[in-house]
Structure formats: structure tokens, C-alpha cells
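Numbering-wise, the sequence shown is residues 4 to 683 according to my numbering.
Here the structure comes first, spelled out in C-alpha cells, and everything after it is commentary.
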Amino acid sequence: TGTLTQNEMIFKRLHLGTVSYGTDTMDEIQSHIINSYSQVHSQNSGNSTSSTPSRKPQSSAPKVRKSVSSRIHEAVKAIALCHNVTPVYESRAGVSGETEYAEVDQDFSDENRTYQASSPDEVALVQWTESVGLTLVNRDLTSMQLKTPGGHILTYYILQIFPFTSESKRMGIIVRDESSGEITFYMKGADVAMSTIVQYNDWLEEECGNMAREGLRTLVVAKKSLTEEQYQDFESRYNQAKLSIHDRNLKVAAVVESLEREMELLCLTGVEDQLQADVRPTLEMLRNAGIKIWMLTGDKLETATCIAKSSHLVSRTQDIHIFRPVTTRGEAHLELNAFRRKHDCALVISGDSLEVCLKYYEHEFVELACQCPAVVCCRCSPTQKAHIVKLLQHHTGKRTCAIGDGGNDVSMIQAADCGIGIEGKEGKQASLAADFSITQFKHIGRLLMVHGRNSYKRSAALGQFVMHRGLIISTMQAVFSSVFYFASVPLYQGFLMVGYATIYTMFPVFSLVLDQDVKPEMALLYPELYKDLTKGRSLSFKTFLIWVLISIYQGGILMYGALLLFESEFVHVVAISFTALILTELLMVALTIRTWHWLMVVAEFLSLGCYVASLAFLNEYFGDSHYLFSLFVSADVAFITTVTFLWKVSAITVVSCLPLYILKYLKRKFSPPSYSKLTS
């Protein structure tokens with residue numbers, strides 16, 4: 004899901020159990036925060052003189068109002084404290100010359116502050132607390148400071164911090180309030196991880212589902228107040244666990260889990276992550292190109308389903324089969340049978356159920372899932388994603404392409420035949436691990452439909468042509484040796500062999516990489532053209548054997564033609580056959596090309612020019628006299644310029660190439676390729 008979205012998080016919803024706040028009611032939260040902090044500060048100032056005046060206004064307020072206000076106060080404070088965000092201040096010109104006080108003033112200016120964190124979710128939460136009045140202004144390794152709506156600075160000392168991991172799916176922090184000395188353990192995480200940690204409630208699961216259906220990413224926030232003795236006991240056990248040599252991680256996790264019990268549920272937050280530009284048309288294009296799309300995500304089932312629908316990965320009219328959670332072989336068998344009875348419906352399955360199905364019914368499940376128009380696997384761990392990719396490769400034998408944008412997609416990208424990494428807000432881990440790196444999801448369309456298609460077609464043409472170029476000269480050598488009683492005499496000497504492989508034929512052959520059958524705009528407009536590639540017709544045993552036959556035919560014609568037409572002037576056979584060979588190669592390149600490029604024309608004439616120029620000063624090579632019969636003299640330039648030489652070389656070249664041109668014309672006439680309709 005993160006691959007399809009912008010990773011620009013916007014805080015949308017705060018739910019306290021009895022009351023929910025959306026974007027249009029955030030001003031209410033702001034007024035609650037302003038009131039609660041003004042009351043706190045008036046209490047503090049009142050307590051220094053007498054304790055009674057500050058408590059009277061509180062007791063006269065309605066009880067419900069007070070409880071909601073205090074709950075909002077606690078929830079916002081928890082969100083403002085439980086994170087890994089650091090405020091950063093840009094240094095302005097001339098700061099070094101200013102006084103210390105001026106630098107402090109500059110530090111706390113709101114417009115100069117930016118937030119840095121490993122996850123954009125956390126930045127969105129801290130930016131939201133700033134918008135409602137509680138601002139994170141400073142943070143270091145041991146403390147953080149919050150600014151209240153009234154401009155007062157609250158300092159909290161960081162006693163312990165438990166970072167987020169993909170296994171635990173939660174993060175925690177223990178802080179001590181500087182003014183009161185209270186120690187509080189705050190924790191936030193995914194509802195799956197938090198539901199067993201918080202005290203019993205009847206609303207969390209339902210509201211998480213509701214938010215997920217709106218496409219929001221949810222986080223559950225909870226707290227636990229600790230006494231000094233409780234904390235000291237925890238700290239000693241925690242430090243002892245960190246020093247253990249064996250099973251350190253397990254022991255540390257066990258100590259932390261001893262704190263994670265019966266926590267007070269504060270609130271549920273919903274953050275929106277909008278889709279990237281052109282996600283829908285890109286997915287539609289890939290589907291029309293005959294590519295099956297599976298979405299593997301760590302998100303909740305509802306969030307994944309919602310994003311699949313909003314991105315049109317699953318059309319709104321299409322049936323969706325949500326695979327019920329299964330834990331045993333019998334349940335998996337029943338669920339698979341229920342799924343088998345449904346036709347043309349998208350499949351949504353969770354990672355746990357998938358694990359059970361693959362354990363007992365691997366082949367059956369993959370076979371059924373591959374028939375679905377779309378598959379969404381939610382709550383997948385990074386290793387599960389890679390496992391699914393390998394399964395598809397093993398069972399279907401098809402090529403797989405994995406696309407991801409975060410560190411949790413690296414294993415999947417490396418397992419696939421082709422990995423594409425999107426370089427975005429989540430860093431460069433995915434793009435560094437991938438074969439191809441792009442900046443937006445929509446670029447995949449062009450990468451596959453245009454560059455991928457052209458790459459396959461051009462590589463096929465170039466590879467087969469290079470084989471043809473080698474085979475044709477081998478055939479000529481074989482014919483030459485057989486005529487001379489299999490004598491081990493080379494047909495072409497030294498520079499001719501080198502020249503044939505390089506300057507005489509290299510430019511036209513390599514100009515085939517500029518060839519294209521349709522324009523890029525057409526390839527994007529008709530993704531069905533890409534579907535033809537799956538048949539593998541551009542490079543197969545059939546096309547290879549055709550090129551072998553062409554090479555044998557042309558090699559035989561060139562050599563036998565030279566021997567037949569030049570019986571009386573046999574000494575010139577090298578000059579004749581080699582000239583015909585070069586012309587044949589240049590004409591064969593012209594025959595293979597589908598769309599001419601000006602560089603191709605330049606390459607053809609450049610190669611021909613190089614050959615004609617070299618005839619003048621390489622004439623000692625164009626006579627096999629001193630290799631075969633010592634009494635013959637080498638060929639001279641006068642013979643090469645005669646009309647006889649020219650028409651006989653032309654005749655041999657025409658016989659070797661004309662039939663192929665006729666066959667190509669007939670094939671285009673009676674069995675035109677799919678792209679020919681678009682080029683006309």
C-alpha cells in the first residue's frame with residue numbers, strides 16, 4: 004500500500020471512545036487544550052498562595068465536560084511525547100555573530116522549525132499536536148520540551164525508550180515530568196499488538212475497522228503511571244537483562260512486556276496517506292498488458308481493501324472474497340472449498356491464514372489464487388512477502404516483478420526476477436536493492452510498456468543477427484574447405500576477419516538497438532501490444548533455426564556463386580566473395596529494420612565507405628595467391644573496378660538477399676503482425 008501512496012501523512016481523526024473528532028472539529032480540541040493548560044497554570048500559581056481558589060472553578064464545571072477535556076489533554080500530551088521525532092532549526096546567516104539570547108529566540112521561532120523522523124506517520128502526529136497548541140520545541144538524548152498554548156515550556160526527562168520494530172509493531176517511552184516528578188510509561192502501536200496490552204474496552208476493535216474502511220492508518224495510544232519504586236525495580240531488571248550473554252533480546256523483551264499490562268487506553272488516531280498521481284490508469288494499463296497484480300502489505304485487512312478499491316486494483320463492482328482467519332487444516336480446507344465455488348472474484352487474505360494454507364494446501368491455494376483478477380495479502384511480514392514471490396515463481400514458472408518503496412520490501416525485491424525500487428520519503432533502501440530505481444509509481448507504465456518492450460525486441464534482433472553474422476562466414480569457410488579437398492587453408496586472412504567483425508559490419512548491426520516497431524505513445528496507448536511478448540515469439544528455437552537456415556543458404560550462395568561465376572579468374576575469389584558478403588550483411592540489416600532512424604542510414608553508408616576505401620590499400624589480402632599457389636600474383640585494383648566484377652558481385656548478392664525480401668513482403672501481406680495496424 005505504501006508503494007501506491009505519497010507517504011505524505013495528514014492527521015484526520017482522533018477517537019476517545021465516546022467522542023470522535025475529525026478535521027472539521029479540530030478547533031474544539033484546540034479550545035480544550037488551551038483551557039486545560041490555562042487551568043493547570045492557574046492551579047500552579049494558585050497553589051503557591053492558597054490551594055482553594057484554583058479548585059472552585061473546576062468543581063463547578065460539569066463532570067462530563069471535565070472528563071472529556073482531561074481525556075483530550077492526556078491524549079494530546081501522550082501523542083506529543085511518545086515518538087522519535089526531533090525538531091530541527093535552520094541556522095540563519097549571521098547567527099554566529101549574535102548574542103546567546105538572540106540565538107535562543109531564533110531556536111523557538113515556529114516558522115524556522117522542521118521535524119525529522121524515521122517515519123512520516125510520526126511527523127504527521129507531532130505536526131498535529133502543534134496545530135492544536137502543544138508544540139515540540141526541543142529534544143535531545145535525555146529530555147524533550149513542549150510549549151503550551153500559553154507559551155510556557157514543559158520539560159520531560161526521557162528515562163527509557165523502546166523503539167518500533169516490525170515484529171513488536173509498537174513503540175514505548177518512559178518520561179518523568181520535571182515539575183511534578185511523575186513517571187509515566189506511554190506506548191503507541193498497531194491495534195493488533197495493543198489490543199491485548201490495554202485494559203478491557205468494547206470500542207477499540209470496531210472503531211479501528213471503521214477508520215480502516217475510510218483508508219486511514221490507525222495507531223492506538225495508551226499510558227501507565229509508575230511509582231518511583233516500580234520504575235526502579237523495572238530499571239534494575241532491564242539493565243540486568245541488557246547485560247545477559249545468552250538470549251539477550253528475549254530477556255529484554257520479557258522485562259519490557261512485564262510493564263505492558265493493563266495499560267490505560269487513551270485514544271485511537273487516524274492518519275490519511277493519499278494515493279500517488281496516476282496510480283489508477285497505471286494499474287489499469289498493467290492489467291490490460293496481461294500482467295497479474297498482487298498487493299502484499301503489512302497493513303490491516305480493512306486498510307488494504309480500502310486502498311485496493313480506491314486505486315482500482317479491485318473494481319468497485321467486483322466481488323471480493325475475504326478469506327476468514329484459519330488456524331487448523333480443517334478450517335483451511337473448508338475455506339478453500341468456499342473460495343473455489345466463487346468465480347472471477349478478488350481475494351483478500353491475511354498473513355496468518357496464508358501461512359496455514361501454504362502449510363497444508365500449497366499447490367491448491369496457489370492454483371486458485373492465480374486465477375483471481377487481483378490478490379491482496381495483508382498483515383504480511385517482509386519474509387512472507389519474499390516467500391510468496393518464490394512460491395509464484397516455483398508453481399507458475401512465470402516471470403515476477405516486485406515493486407516496493409521501503410526497507411520492509413527489500414527481501415521481496417531481491418527474491419523477484421526483476422526488482423523495482425521507488426525512491427521516496429521512506430528512504431533509498433528499496434531503490435538501492437532493486438534492479439531499477441524510479442521516483443513515482445506511474446513511471447512503471449513507461450518502464451515496462453516502452454523501455455521493457457523495446458529492450459526485449461531489440462535484444463532479440465541484435466542477438467540473432469550477431470549469430471547470423473558469425474554463422475554465414477563459417478558456412479563460407481566450410482564450403483571453401485570442402486571444395487579444396489578439406490585442406491586446412493583459411494578463406495580470409497588477418498585483417499579481413501578482424502575488419503568483418505568490426506568496422507565493416509559493426510555500425511549497422513549495433514544500430515539495430517535504435518529500431519522500434521511502434522512509437523512510445525502508441526505502446527502506452529495500446530498496452531495489449533505488451534501481451535504479445537509473453538508468447539516469446541521474438542526469440543525462440545523457431546526463430547533461431549530460421550536464422551541458422553538463412554545463414555547456411557546465404558553462405559552457400561555467396562561461396563558457390565563466387566566459384567561458379569569466376570571459374571576463369573579463380574584467383575579473385577576472395578575479393579569477389581568478401582565484397583558480396585559485406586553487401587549481403589548491410590542488406591540484411593536493412594531487411595531486419597522496422598523503423599528507420601537517421602543514424603541507421605549513416606551507419607550503413609559509413610560501413611560501405613570504410614570497405615570501399617580499404618580496397619585501395621588492402622589489395623594484398625584480396626588474393627589467396629601466395630597462400631594457395633605461389634606462381635599467382637595478387638589481385639590488383641584495376642580488376643575490382645571493372646564492370647564484370649561489379650555486375651557479378653551484384654548478381655551473387657541479389658540471389659542471396661532477394662528471396663528473403665520476397666518472403667518478408669509475403670509474410671507482411673498475408674500474416675501481418677499486431678503492430679502493423681497501428682503503424683499504417
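C-beta atoms are modelled at their ideal positions from N, C-alpha and C, and glycine is treated no differently.
Because the structure is a prediction, the values reported are computed rather than measured.
Mind checking which residues open and close the alpha helix (DSSP H) that includes residue i?
i	result
Asn693	Residue coverage of the chain in this structure runs from 4 to 683, which leaves residue 693 outside it and unanswerable.
Ile391	Pro385 to Thr399
Tyr189	First-last for Tyr189: Ile186 to Gly192, but that is the beta strand (DSSP E), not the alpha helix (DSSP H).
Met266	Run containing Met266: none; DSSP gives neither H nor E here.
Thr647	Val646 to Phe673
Tyr677	Note that residue 677 corresponds to Ser in the displayed sequence, not to Tyr. That residue, Ser677, is in no alpha helix (DSSP H); it is neither H nor E in DSSP.
Phe439	Per DSSP, Phe439 belongs to no alpha helix (DSSP H); it is in the beta strand (DSSP E), Phe439 to Ile441.
Phe368	Glu365 to Cys373
Val413	Val413 to Ala418
His336	Arg332 to Arg343
Leu139	Taken as a continuous stretch (DSSP letters only), Leu139 belongs to no alpha helix (DSSP H), being part of the beta strand (DSSP E) at Thr138 to Arg142.
Gly497	Gly497 to Ala504
For residue i, which three-state DSSP category applies?
i	result
Tyr40	helix
Ser353	strand
Asn10	strand
Leu631	At Leu631 the pLDDT is 32, less than 50, meaning the model places this residue with poor confidence; the figure from the coordinates comes in the next sentence. Correct three-state label for Leu631: helix.
Cys309	helix
Ser225	The sequence as given places Ala at residue 225; Ser does not occur at that position. Strand at Ala225.
Lys59	Residue confidence for Lys59 is low, a pLDDT of 33 falling below 50, so the modelled location carries little weight and cannot support an answer.
Gln688	A question about residue 688 goes unanswered here, because the residues of the chain that appear run from 4 up to 683.
Lys15	strand
Trp206	coil
Trp297	strand
Gly5	coil
Val512	helix
Gly218	coil
Ser54	At Ser54, the pLDDT of 38 sits below 50, so the modelled position is not reliable; the number obtained from the coordinates is stated separately. Correct three-state label for Ser54: coil.
Ala638	Model confidence at Ala638 stands at a pLDDT of 47, short of 50, so the residue's coordinates are unreliable; what they give is reported in the following sentence. In the structure shown, Ala638 sits in coil (DSSP, three-state: anything other than H, G, I, E or B).
Val79	helix
Lys66	Any reading at Lys66 is ruled out, since the residue's pLDDT is 39, under 50, leaving its predicted position unreliable.
Tyr24	strand
Val329	coil
Considering residue i, what are the terminal residues of the beta strand (DSSP E) in which it resides?
i	result
Glu260	Premise fails: Glu260 lies in the alpha helix (DSSP H), Arg251 to Leu262, not in any beta strand (DSSP E).
Asp180	Arg173 to Asp180
Asp124	Looking at the DSSP string, Asp124 is not in any beta strand (DSSP E); the run it does join, the alpha helix (DSSP H), is Pro123 to Ser134.
Ser146	Ser146 to Lys150
Ala578	Here Ala578 belongs to no beta strand (DSSP E); instead the alpha helix (DSSP H) covers Val576 to Thr595.
Val88	No beta strand (DSSP E) holds Val88; DSSP gives it neither H nor E.
Ala377	Ala377 to Cys381
Ala280	Element bounds for Ala280: n/a, residue is neither H nor E.
Gln163	Ile156 to Phe165
Gly422	Cys421 to Ile425
Gly407	Cys404 to Gly407
Sort the options by Cα distance to residue i and report the nearest one.
i	options	result
Leu357	Arg327, Gly473 and Ala341	Arg327
Lys254	Met266, Gly422 and Arg240	Arg240
Val482	Val605, Ser580, Ile352 and Leu528	Ser580
Thr3	Lys226, Leu568 and Gln557	Lying before the first or after the last residue shown, residue 3 is absent from the chain, which here runs from 4 to 683.
Gly685	Phe513, Ser112 and Ala565	There is simply no residue 685 to check, as the chain begins at 4 and stops at 683 in what is shown.
Leu304	Thr546, Gly558, Arg597 and Cys381	Cys381
Met147	Pro90, Lys172, Thr28 and Ser121	Pro90
Lys80	Gln130, Thr199, Ile655 and Ser477	Gln130
Ala257	Cys270, Lys670, Gln243 and Leu269	Gln243
Glu260	Glu429, Glu275, Asn87 and Phe237	Phe237
Tyr92	Gly558, Ala311, Glu114 and Val592	Glu114
Cys613	Val592, Ile585, Met603 and Trp601	Ile585
Gly455	Gln557, Met29, His471 and Thr537	Thr537
His324	Ala372, Arg290 and Lys388	Ala372
Gly175	Gln163, Gly184 and Ser183	Gln163
Ala234	Ala654, Leu222 and Glu185	Per the sequence shown, the amino acid found at residue 234 is Tyr instead of Ala. Measuring from the Cα of Tyr234, the nearest candidate turns out to be Glu185.
Gln9	Ser41, Ser45 and Asp124	Asp124
Does any residue of chain D have a CB that is nearer than 7 Å to the CB of residue i?
i	result
Gly293	Absence of chain D from the displayed structure is noted, only one protein chain being present.
Legend entry - Inter-stretch contact (C-beta, 8 Å, three-pair minimum) for the segment 397-412 and the segment 424-435: yes
Legend entry - alpha helix (DSSP H) segments (min. 4 residues) lying fully within the segment 516-558: 523-528 and 531-534
Inset, instruction - Determine contact between the segment 526-537 and the segment 665-681, defined as no fewer than three beta-carbon pairs at a distance below 8 Å. - result: Yes: at least three Cβ pairs fall under 8 Å.
Inset, instruction - Spell out a yes or no on whether the segment 262-279 and the segment 328-346 are touching, meaning 3 or more CB-CB pairs, one atom from each, closer than 8 Å. - result: no
Legend entry - Stretch pair the segment 455-473 + the segment 538-545: three plus CB contacts closer than 8 Å: yes
Inset, instruction - Please confirm if the segment 509-525 is in contact with the segment 584-602, defined as three or more CB-CB distances below 8 Å between the two stretches. - result: yes
Legend entry - In chain order, each alpha helix (DSSP H) run of at least 4 residues that lies wholly inside the segment 443-469: 446-449
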